[in-house]
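Peer 1: Pasting a structure below so you can have a look.
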Amino acid sequence: MRRILHIDMDAFFAAVEERRHPNLKGRPIVIGGRGDPDSRGVVSTASYAARKYGVHSGIPLRTALKLCPDAVFLPVDYRSYARVSEEIKIILASVTPLMEDVGIDEAFLDLSAMDQPPETIAREIKKRILEATGLSCSIGIAPNKLLAKIASDLQKPDGLTVLGEDDIAETIWPLPVRKLRGVGPKTESVLKRMGVHTIGDLAVASVERMTERFGPSHGRTLHRAALGIDESPIIIHWEPKSIGRETTFQRDLSHWQEIARALAHLTRQVVSSLKAAGYRARTVTVKVRFSDFDTQTRAMTLDGPSDSPDLLRRAAFQCLGRFELKKSVRLLGMRVSKLE
Ligand SMILES: [Mg+2]
117 MRRILHIDMD AFFAAVEERR HPNLKGRPIV IGGRGDPDSR GVVSTASYAA RKYGVHSGIP
177 LRTALKLCPD AVFLPVDYRS YARVSEEIKI ILASVTPLME DVGIDEAFLD LSAMDQPPET
237 IAREIKKRIL EATGLSCSIG IAPNKLLAKI ASDLQKPDGL TVLGEDDIAE TIWPLPVRKL
297 RGVGPKTESV LKRMGVHTIG DLAVASVERM TERFGPSHGR TLHRAALGID ESPIIIHWEP
357 KSIGRETTFQ RDLSHWQEIA RALAHLTRQV VSSLKAAGYR ARTVTVKVRF SDFDTQTRAM
417 TLDGPSDSPD LLRRAAFQCL GRFELKKSVR LLGMRVSKLE
């Protein structure tokens, strides 16, 4: 089963502004246009305090001012937000190269090939982002992108929601049909006229009714979406320079066999990420940190790029053979680079 993680930063622009202006923390903040509520323009982001007054993204700034006259209005400072976004994306890409960058404050990660439980990975991501940026995010984990995105929205802010196939009827079906990907305001109003208000209504409607009304392709996609079916892949725009894993042992290893077993395990993980990302590698590097923190690497370059588990494992072991393993080993790492 696939394990897809969707991460969405909480009120991202407002959160960056609060971090920059701590005196604004907790106050209603509205960010949009040039920050002048008397001008034309729409709300880009409202802080949670402003949302309590009914202010949300997309409404005119003037309307926001009427709803919440005490709000602080700020201009959109896209460059600052993009800088913070970049920091976050680097953290995410270090978890797995299988990252789809969907926007300034959102991304999907494919965790299917990872050993750790997805919830553990999600908690670690939340912690690392909080430490690096001071910002909170919400994460959804599900068997596909469609459900992961719905899941990340279920417990905002600072949420972590795991959905399985079994949760679809109970958790997804009661939601308004608008929450489904591909349902914009137009489709929503057509569906409502057909008596379809919730995702569950759509799931139990006949496919024929949907394809008649929305055409064979969109009609079928909508119906499948309501059933929680989505096979769309993670699309990687991000070009990794290298893919690697390392592990610090609970206790230092001194037996060659234990070290070899650990290296074989790391190599399997790295090769599976490499293959899943559709790359082949030319260079293999093994890193060893000894118990006294002395850290060394050995690398070798193959004749040509490869994604063969056998070939890459052999290369990793050749590198390992070039270490003098006289001290016990605290950390072991394996990395492939020169990717094609
Ligand atoms: Mg967001």
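Residue numbers (my numbering): 117 to 456.
Idealized CB from N, CA, C, for every residue including glycine.
(1) Rounded to a whole number of angstroms, what is the C-alpha to C-alpha distance between threonine 401 and arginine 178?
(2) I want to check one thing, is the minimum distance from the CB of methionine 125 to the heavy atoms of ligand 1 below 8 Å?
(3) By DSSP, does isoleucine 204 sit in helix, in strand, or in coil?
(4) For the alpha helix (DSSP H) that contains lysine 272, what are its first and last residues?
(5) Ligand 1 and aspartate 274: does any heavy atom of the ligand fall closer than 8 Å to the residue's C-beta?
(6) If distances are taken between C-alpha atoms only, which option among Ile352, Val452, Asp317 and Leu418 comes closest to arginine 384?
(7) Taking serine 196 as the reference, give the member of Met215, Ile220 and Leu225 with the closest Cα.
(8) Determine the contact status of aspartate 226 and arginine 118, defining contact as a CB-CB distance below 9 Å.
(9) Under 8 Å by Cβ, that's how I've got glutamate 235 and isoleucine 123 pegged, so tell me the actual separation to the nearest angstrom.
(10) Using three-state DSSP, classify valine 320 as helix, strand or coil.
(11) Taking a contact to mean a Cβ-Cβ separation below 9 Å, would you say asparagine 260 touches serine 348 in this structure?
(12) Nearest to proline 425 by CA position, among Ala267, Arg396, Lys357 and Ala238, is which residue?
(13) Measure the Cβ-Cβ separation of leucine 262 and alanine 341 and say whether it is below 9 Å.
(14) So, are the CB atoms of proline 213 and alanine 393 less than 9 Å apart?
(15) Taking C-alpha atoms, which residue in Ser305, Glu328, Gly344 and Gly335 lies nearest to glycine 316?
(16) Output yes or no for whether 9 Å exceeds the beta carbon distance between isoleucine 204 and methionine 125.
(17) From histidine 353 to phenylalanine 224, what distance separates their C-alpha atoms?
(18) Check whether the Cβ of phenylalanine 433 lies closer than 8 Å to any heavy atom of ligand 1, and answer yes or no.
(19) Whose CA, out of Ile284, Val312, Leu382 and Ile257, lies closest to the CA of phenylalanine 365?
(20) Could you give the uninterrupted runs of the beta strand (DSSP E) lying entirely in the segment 355-413, keeping only those of 3 residues or more?
(21) According to the Cβ coordinates, are valine 159 and glycine 148 closer than 9 Å?
(22) Express the C-alpha separation of isoleucine 241 and leucine 427 in angstroms, rounding to a whole number.
(23) Could you spell out the range, first to last residue, of the alpha helix (DSSP H) harbouring cysteine 435?
(24) Kindly provide the ranges of any beta strand (DSSP E) runs that are 3 or more residues long and lie completely inside the segment 143-192, ordered along the chain.
(25) In chain order, which continuous runs of the beta strand (DSSP E) of length 3 or greater are located wholly inside the segment 260-315?
(26) Quick check: what's the CA-CA separation for arginine 135 versus proline 191?
(27) Counting only the same chain and skipping the five closest in sequence on each side, list residues whose C-beta sits under 7 Å from that of valine 211.
(28) Would you list the one or two residues that DSSP bridges to alanine 223?
(29) Hey, arginine 405 and leucine 447 are a contact pair by Cβ (cut 8 Å); roughly how many whole angstroms apart?
(30) Out of curiosity, what's the CA-to-CA distance linking glycine 449 and valine 278?
(31) Buried or exposed: proline 138, going by 16 or more other Cβ atoms within 10 Å of its Cβ?
(32) Spell out the partners DSSP gives serine 422 in its beta bridges.
Peer 2: If we stick to the structure as given:
(1) As a first step, residue 401 is located in the sequence shown; it is residue number 285 there, counting from the start. As a first step, residue 178 is located in the sequence shown; it is residue number 62 there, counting from the start. Going by the C-alpha atoms only, they are around 58 Å apart.
(2) Within the sequence shown, residue 125 is the residue found at index 9, counting from 1. Result yes, Cβ under 8 Å from ligand 1.
(3) If you number the sequence shown from 1, residue 204 lands on position 88. It is helical.
(4) Locating residue 272 in the sequence shown gives position 156, where the first residue counts as 1. Segment: none, lysine 272 is in no alpha helix (DSSP H) and carries neither H nor E.
(5) Looking up residue 274 in the sequence shown gives position 158. Not so, every heavy atom of ligand 1 lies at least 8 Å from the Cβ.
(6) As a first step, residue 384 is located in the sequence shown; it is residue number 268 there, counting from the start. Among Ile352, Val452, Asp317 and Leu418, the Cα nearest to that of arginine 384 is on Val452.
(7) Numbered from 1 along the sequence shown, position 80 holds the residue referred to as residue 196. The candidate whose alpha carbon is nearest that of serine 196 is Ile220.
(8) Residue numbering aside, residue 226 sits at position 110 when the sequence shown is read from its first letter. Residue numbering aside, residue 118 sits at position 2 when the sequence shown is read from its first letter. Yes, the Cβ-Cβ distance between aspartate 226 and arginine 118 is below 9 Å.
(9) Start at 1 with the first residue of the sequence shown, and residue 235 comes out as number 119. Start at 1 with the first residue of the sequence shown, and residue 123 comes out as number 7. Between isoleucine 123 and glutamate 235 the Cβ distance is about 13 Å, and since that is not below 8 Å, they are no contact.
(10) Position 204 of the sequence shown, counted from the first residue, corresponds to residue 320. Helix, per DSSP.
(11) Walking along the sequence shown from the start, residue 260 turns up at place 144. Walking along the sequence shown from the start, residue 348 turns up at place 232. Less than 9 Å divides the Cβ of asparagine 260 from the Cβ of serine 348.
(12) The count along the sequence shown starts at 1 and reaches residue 425 at position 309. Of the candidates Ala267, Arg396, Lys357 and Ala238, the residue whose Cα lies closest to the Cα of proline 425 is Arg396.
(13) Here residue 262 corresponds to residue number 146 of the sequence shown, with the count starting at 1. Here residue 341 corresponds to residue number 225 of the sequence shown, with the count starting at 1. Yes, they are a contact pair.
(14) Along the sequence shown, one-based indexing puts residue 213 at 97. Along the sequence shown, one-based indexing puts residue 393 at 277. For proline 213 and alanine 393, yes; Cβs fall inside 9 Å.
(15) Your numbering for residue 316 matches position 200 in the sequence shown. The shortest Cα separation from glycine 316 among Ser305, Glu328, Gly344 and Gly335 belongs to Gly344.
(16) Within the sequence shown, numbered from 1, the residue matching residue 204 stands at position 88. Within the sequence shown, numbered from 1, the residue matching residue 125 stands at position 9. Yes, Cβ-Cβ distance for isoleucine 204 and methionine 125 is below 9 Å.
(17) On the sequence shown, position 237 is the one that residue 353 refers to. On the sequence shown, position 108 is the one that residue 224 refers to. Cα-Cα distance, rounded: 12 Å.
(18) In the sequence shown, residue 433 corresponds to position 317, counting from 1. No.
(19) If you number the sequence shown from 1, residue 365 lands on position 249. Answer by Cα proximity: Leu382.
(20) 358-369 and 397-406
(21) The count along the sequence shown starts at 1 and reaches residue 159 at position 43. The count along the sequence shown starts at 1 and reaches residue 148 at position 32. A contact, by the Cβ cut-off of 9 Å.
(22) As a first step, residue 427 must be located in the sequence shown, where it is residue number 311. As a first step, residue 241 must be located in the sequence shown, where it is residue number 125. The alpha-carbon atoms of leucine 427 and isoleucine 241 are separated by roughly 32 Å.
(23) Residue 435 sits at position 319 when you count from the first residue of the sequence shown. Unbroken alpha helix (DSSP H) run through cysteine 435: 425-437.
(24) If only uninterrupted beta strand (DSSP E) runs of at least 3 residues are considered, those enclosed by the segment 143-192 are 145-147 and 188-190.
(25) 276-278
(26) For this step, residue 135 is matched to residue 19 along the sequence shown. For this step, residue 191 is matched to residue 75 along the sequence shown. Straight-line Cα distance between these residues: approximately 15 Å.
(27) Counted from its first residue, the sequence shown places residue 211 at position 95. For valine 211, where only same-chain residues beyond five positions count, the Cβ hits under 7 Å are Leu225, Ile237 and Ile241.
(28) Reading the sequence shown from its first residue, position 107 is the one you call residue 223. Listed as beta-bridge partners of alanine 223 by DSSP are Ile123 and Asp217.
(29) Position 289 of the sequence shown, counting from 1, holds the residue named residue 405. Position 331 of the sequence shown, counting from 1, holds the residue named residue 447. Between leucine 447 and arginine 405 the Cβ distance is about 4 Å, and since that is below 8 Å, they are a contact.
(30) As a working note, residue 449 is residue 333 in the sequence shown. As a working note, residue 278 is residue 162 in the sequence shown. Whole-angstrom Cα-Cα distance: 30 Å.
(31) The residue given as residue 138 occupies position 22 in the sequence shown. Proline 138 is exposed by the Cβ-count criterion.
(32) Sequence index remark: in the sequence shown, residue 422 carries index 306 (1-based). Ala397.
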